[in-house]
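Colleague:
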Amino acid sequence: MVTGGNNFPGVKDVGIEYGLVKAPGAVRPDGWAYQFPDTGTTILYYWFDVLVLNTGHHWNRGKIKANKWEMFVRGKPIADRKLAEIGNAKNLTIHSIVKWVDFQISQNPQLKAFFMTISPRHFFNGDWNTGGSCNNTKPLSNGSEVLQDGSLDTVVESAVKGSKVNLVDITALSKLRDEAHISRSSLTAAKGVQDCLHWCLPGVPDTWNEILCAQL
Numbered sequence: 262m263v264t265g266g267n268n269f270p271g272v273k274d275v276g277i278e279y280g281l282v283k284a285p286g287a288v289r290p291d292g293w294a295y296q297f298p299d300t301g302t303t304i305l306y307y308w309f310d311v312l313v314l315n316t317g318h319h320w321n322r323g324k325i326k327a328n329k330w331e332m333f334v335r336g337k338p339i340a341d342r343k344l345a346e347i348g349n350a351k352n353l354t355i356h357s358i359v360k361w362v363d364f365q366i367s368q369n370p371q372l373k374a375f376f377m378t379i380s381p382r383h384f385f386n387g388d389w390n391t392g393g394s395c396n397n398t399k400p401l402s403n404g405s406e407v408l409q410d411g412s413l414d415t416v417v418e419s420a421v422k423g424s425k426v427n428l429v430d431i432t433a434l435s436k437l438r439d440e441a442h443i444s445r446s447s448l449t450a451a452k453g454v455q456d457c458l459h460w461c462l463p464g465v466p467d468t469w470n471e472i473l474c475a476q477l
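Every position in the sequence shown, counted from 1, becomes a number in the working numbering once 261 is added.
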């Protein structure tokens with residue numbers, strides 16, 4: 262994996278030292294371990310039965326029209342006007358997926374599933390295409406604590422309640438970091454348009470990963 266399948270003197274396969282060997286009849290080992298003697302580094306790579314779900318920002322009529330998407334229910338285009346409303350369609354989809362995944366976990370106990378709540382936007386004085394901005398450069402200027410008990414992403418929270426799908430609630434803590442977006446610092450930024458949706462890296466998404474890893 263590291264060397265493209267070729268032997269390389271700077272990389273040593275030490276998988277056997279960690280019990281990472283292919284069992285008889287197995288397609289692959291449970292993982293790999295490679296040592297880099299020059300730097301004293303060993304990289305371990307494991308296979309995990311883990312599913313991480315997330316959805317949110319593309320649930321809008323503009324995205325659906327631009328991408329020529331069509332919504333289906335039970336294999337047929339939506340005819341119910343209530344379901345055709347974006348909020349209702351999103352709600353049905355999230356609950357249906359969680360219900361299906363919950364059943365899969367009952368059939369495959371080794372599977373772990375997580376649903377990460379929506380990442381917040383921070384457009385002030387407009388939206389992305391109407392002059393909205395996120396010029397703040399001071400971290401946690403609007404507070405440093407998450408005080409509410411429930412999630413700000415109520416749809417996902419209600420969908421996973423009572424299921425075996427774990428909630429990874431990143432919405433409220435990320436909402437405190439309005440200064441951590443790309444803003445106007447992108448190399449491809451257009452004049453008058455700021456990116457207050459995506460995040461600078463490294464940054465806030467690293468915290469999401471830490472929270473996820475703590476639950477694995």
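For glycine and all other residues, C-beta sits at the position ideal for the given N, C-alpha and C.
Run through DSSP, which three-state label would V263 get?
Modeller: The count along the sequence shown starts at 1 and reaches residue 263 at position 2. Residue confidence is low: V263 scores 49 on pLDDT, short of 50, so the model does not pin down where it sits. Its coordinate-derived value is still stated next. Three-state result, V263: coil.
Colleague: Determine the burial state of D456: buried for a count of at least 16 other Cβ atoms within 10 Å of its Cβ, exposed for fewer.
Modeller: The sequence position of residue 456 within the sequence shown is 195, counting from 1. By the 10 Å Cβ count, D456 comes out buried.
Colleague: List the endpoints of the continuous alpha helix (DSSP H) containing H319.
Modeller: Along the sequence shown, read from residue 1 onward, the residue named residue 319 stands at position 58. Element bounds for H319: n/a, residue is neither H nor E.
Colleague: Under the three-state reduction of DSSP, which class applies to K326: helix, strand or coil?
Modeller: In the sequence shown, counting from the first residue as 1, residue 326 sits at position 65. Note: K326 maps to helix in three-state DSSP.
Colleague: For C474, count neighbouring C-beta atoms within 10 Å of its own C-beta (all shown protein chains included) and say buried if the count is 16 or more, exposed if not.
Modeller: Taking the sequence shown and counting its residues from 1, one reaches residue 474 at position 213. Taking a 10 Å sphere around the C-beta of C474, we find fewer than 16 other C-beta atoms and assign the residue as exposed.
Colleague: Measuring straight from C-alpha to C-alpha, what distance separates D414 and K422?
Modeller: As a position in the sequence shown, residue 414 is number 153, starting the count at 1. As a position in the sequence shown, residue 422 is number 161, starting the count at 1. One C-alpha to the other measures close to 12 Å.
Colleague: Just to confirm the assignment, what range does the alpha helix (DSSP H) spanning D456 have?
Modeller: Counting from 1 along the sequence shown, the entry for residue 456 is found at position 195. Per DSSP, D456 belongs to no alpha helix (DSSP H); it is in the beta strand (DSSP E), 456–460.
Colleague: Let's test the definition: count the other Cβ atoms within 10 Å of the Cβ of A441 and tell me whether it reaches 16, buried, or not, exposed.
Modeller: Within the sequence shown, the letter at position 180 stands for residue 441. Classification of A441: buried, given that the 10 Å Cβ count is 16 or more.
Colleague: When you compare each of A340, S357, R438, V362 to S203 by their alpha carbons, which one comes out closest?
Modeller: With the chain covering only 262 through 477, there is no way to say anything about residue 203.
Colleague: Indicate whether the contact test is met: 3 or more Cβ pairs, each with one atom in the region 274–282 and one in the region 340–352, closer than 8 Å.
Modeller: Touching, no.
Colleague: To which residues of the same chain is W293 closer than 7 Å at the C-beta, ignoring the five residues directly before and after it?
Modeller: Counted from its first residue, the sequence shown places residue 293 at position 32. Cβ within range, chain order: M262, G276, L281, Y306.
Colleague: Classify S446 as buried or exposed, calling it buried when 16 or more other Cβ atoms lie within 10 Å of its own Cβ.
Modeller: Here the question's residue 446 lines up with position 185 in the sequence shown. Its Cβ having fewer than 16 others within 10 Å, S446 is exposed.
Colleague: Can you tell me which of the three DSSP states H442 falls into?
Modeller: Counting from 1 along the sequence shown, the entry for residue 442 is found at position 181. Here H442 sits in strand by DSSP.
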